[in-house]
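Following the working numbering, the numbering of the sequence shown begins with 4 at its first residue and continues without gaps.
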Amino acid sequence: MQVTRDDLAEFERLLAKLRENPAAVDEEADLPAAEYARITYVTLVLLVYVNVSMVISICTTGVEGNLSQIEYLVYPLCFTANCGLLVFGALDSEAAGRRAIKLLRGWLITLIIIIPPLYWTSGMHEDAVLLVFYMVINAIFYPWLLDSMRELLRTRYKGSLTTQAHFYTNRALKLGAFQIVLLVSAVAQGIDGADTFLRVYATFSFSMNLIIAWIYVIAIFDVCAVDTRAAATLRLSPLQAAAVVTCGIVVLSAFAGYIVSEQRRPSKRAARAAFLSMVFSNQFCFIVVGRLVWVARRKARSEDSASVVPAKEEGLEAGVFDVPGA
């Protein structure tokens, strides 16, 4: 390959630029939100579909209807797309991350006024009251948790954000593919109103707990940097141990949903137990994992403040006049 004078001139300009700012070699460009516009639109379509199908179900067949059951199978994909592909998969774009958090917060707020009426109109009054409190907590906790996690991850992986974003994207795509397999499997077994509602709802519980457990694992081991070897040898602090245990309870809750979903006609008691285990195991994680992330965030901010060196006082502020020989 022949090197022209223009190539040499461009090379010299780059060298001159690096001499002026050597730190630019280690800097990583922050991508604009437009880079993730398409996946944002796909996520938005999923969120709108879930909300619209819920509203239609309220006015027609209720929570046990076929439309509602399909919506419950799509629901976990919304979390995977928003959290996995945008919140974590867009670590290299500050603007895309902020937009993903706002999108999640807005969606969760709409669910507060949609999901409880869906259960209430179906005669499930106790579940409707329970879900009011649960969805309010979700709308407050998840946006804060994910925003804090993004902040700490962007600080920890500064200089390799694109690589880490690709890593999370790869994991989210695999998880989403498995959730689609669960969706297709549940539909293939048949959807027929109240006769299949318990089985489909157990499948939803299993699929939903997969993405939630993954979020908690990232929070514990990536965000808060809990040592995996220390976890394996049971040498964790009480708070770290509690976070790992509660995350394990969420995983067990997912397995409970899987066992119920594989039954052709599961009992109502077993399906309800899977539902309650998902709700309360997540409440425990809200407290413990949330506390762990809060401590890590406070520690990171205190270290940043301590690393700032005060400017050397000069002139009148230092009590010395800026006069030669003074």
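All C-beta atoms in this analysis are idealised placements derived from N, C-alpha and C, irrespective of residue type, glycine included.
Is the closest heavy atom of the ligand MN to the C-beta of L88 under 7 Å?
Looking at this structure, you won't find the ligand MN or any other ligand, since it has none at all.
If you drop the 5 nearest sequence neighbours on each side, which residues of the same chain put their C-beta closer than 8 Å to that of M138?
L111, L114, I115, I118, P119
How big is the Cα-Cα spacing for A274 and D33?
46 Å
Alpha carbon to alpha carbon, how far is P25 from Y44?
For P25, the predicted model reports a pLDDT of 49, less than 50, meaning its position is unreliable; a value from the coordinates is still stated below. The straight-line gap from Cα to Cα measures roughly 39 Å.
Quick one: what does DSSP say I117 is sitting in, helix, strand or coil?
coil
Quick check: the segment 87-95 against the segment 162-175, are there 3 or more CB pairs under 8 Å?
yes
Can you give the Cα-Cα distance for N141 and I290, rounded to whole angstroms?
Going from the Cα of N141 to the Cα of I290 covers about 12 Å.
Would the beta-carbon of D225 fall within 8 Å of that of T165?
no
Count the other CB atoms within 10 Å of the CB of R301; is the residue buried (16 or more) or exposed (fewer)?
By the neighbour-count definition (other C-beta atoms within 10 Å, threshold 16), R301 is an exposed residue.
If you run the structure through DSSP and keep just helix, strand and coil, what is S231?
In the sequence as displayed, the identity of residue 231 is Thr instead of Ser. Residue state, collapsed to three classes: helix.
Determine whether the beta carbon atoms of T124 and G65 lie at a separation below 8 Å.
One thing to note: T124 has its Cβ within 8 Å of the Cβ of G65.
Less than 8 Å between the CB atoms is what I'm expecting for V53 and C86, so what's the real figure, rounded?
15 Å between Cβ atoms; not a contact.
Provide the residue span of the alpha helix (DSSP H) that contains V53, from first to last.
40-62
Around the C-beta of F181, are 16 or more other C-beta atoms found within 10 angstroms, so that it is buried, or is it exposed?
exposed
Here's the rule: buried if 16 or more other CB atoms are within 10 angstroms of the residue's CB, otherwise exposed. What is A235?
exposed
Note the first and the last residue of the continuous alpha helix (DSSP H) segment covering T172.
164-191
If you compare alpha carbons, which of N69, V77, E38 is closest to V48?
V77
From K271 to L201, what distance separates their C-alpha atoms?
Whole-angstrom Cα-Cα distance: 7 Å.
With C-beta atoms as the reference, is T249 less than 8 Å away from G179?
no
CB-CB under 7 Å to C227, same chain, minus the five flanking residues each way: which ones, in chain order?
These residues qualify, in order along the chain: L295, V296, A299.
Hey, how far is the Cα of P269 from the Cα of S188?
16 Å
Taking the straight line between their C-alpha atoms, what separation do you get for C62 and L107?
25 Å
I252 to I73, Cα distance in whole Å?
If you take the alpha carbons of I252 and I73, they lie about 27 Å apart.
Going by C-alpha to C-alpha distance, which of E97, V203, R157, A99 sits closest to G68?
V203
Please go through the same chain and pick out, in chain order, the residues whose beta-carbon is closer than 8 Å to the beta-carbon of R153, but skip the five residues on each side of it.
V90, F91, L94, G100, I104
By Cβ distance below 8 Å, which residues in the same chain neighbour F207 in space, the five residues on each side in sequence not counted?
Y75, L76, Y78, P79, G260
On the CB-based measure, 16 or more other CB atoms within 10 Å of its CB, does V51 come out buried or exposed?
exposed
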